[in-house]
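As numbered in the numbering used here, residues 158 to 340 make up the sequence shown, in order. Backbone N, C-alpha and C define an ideal beta-carbon position, used for all residues, glycine too.
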Amino acid sequence: STLSFAFIKEQCRNVEYAAILYPDDCASLTDLVWPRDCECPFCGCSTETSTPEYDTLTKYVEKECVSILCQSVVDDAGEEALVRQFNSELSVSDAVLWNEFACPPQTCTVGTHEYTQGESWIPDNSDGTCGDSFCFCGSDGNENCANFSAITSSTDDHDLLKYKFLDECRYYLTDCLDDGSRV
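Encoded structure:
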């Protein structure tokens, strides 16, 4: 017996995404291209692309940014076929970070280093020692930084920098969170 399209869509992320974003092109078993190796099938496409398109998928309490390319694969019959391939670039499922989401993801360039949206770091001092501030790359492509004591003493429950700091560092700071001067 054959598997149903609905079952394959539940098991294979590429088919699920294609069915959501391209419902006219990916709705039945006949729309599937089976790769030569034993992997999930793909939904076909008509024009090969080298630059990805981006789209946002919203499911329940998660937003996900996916990049989409139409690329050639060898199917199970040994023929080349064009298929849609999806790659998850960024996802958010946290209420505090919900509005701090952009698709395609932005980057922040700090000196010679490039950080991706949502990535955090503790910048070094000019002498190479560990600094006393925390930064993260925002959805606007700008770095957001503050020193540790300012972050931990903030009383704003919606302070995004404090949230990111505690999310990244809470395990290491449990004993001194009540006193920002000990950070």
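Phe258 carries a coil assignment under DSSP once its states are collapsed to helix, strand and coil. Closest in alpha carbon position to Val190, among Ala184, Pro198 and Cys183, is Pro198. The segment 242-298 contains, as complete beta strand (DSSP E) runs of 3+ residues, the segments 264-267, 270-273 and 290-294 (chain order).
The C-beta distance from Cys265 to Arg241 rounds to 30 Å, too long to meet the 8 Å contact threshold. A distance of 8 Å or more separates the beta carbons of Ser224 and Glu205.
Taking all protein chains shown into account, Ala163 has fewer than 16 neighbouring C-beta atoms within 10 Å of its C-beta and is therefore exposed. Counting along the chain, Glu221 sits inside the beta strand (DSSP E) bounded by residues Glu219 to Val231. Within the same chain, Cβ atoms closer than 8 Å to the Cβ of Glu219 are found at Ser248, Val249 and Ser250, the five residues on either side in sequence being excluded. When the Cα atoms are used, Gly288 and Glu167 turn out to be separated by approximately 46 Å.
In this structure, the straight-line span from the alpha carbon of Ala252 to that of Ile279 is close to 24 Å. Of the candidates Gln263, Ala234, Cys169 and Asp212, Gln263 places its Cα closest to the Cα of Asp297.
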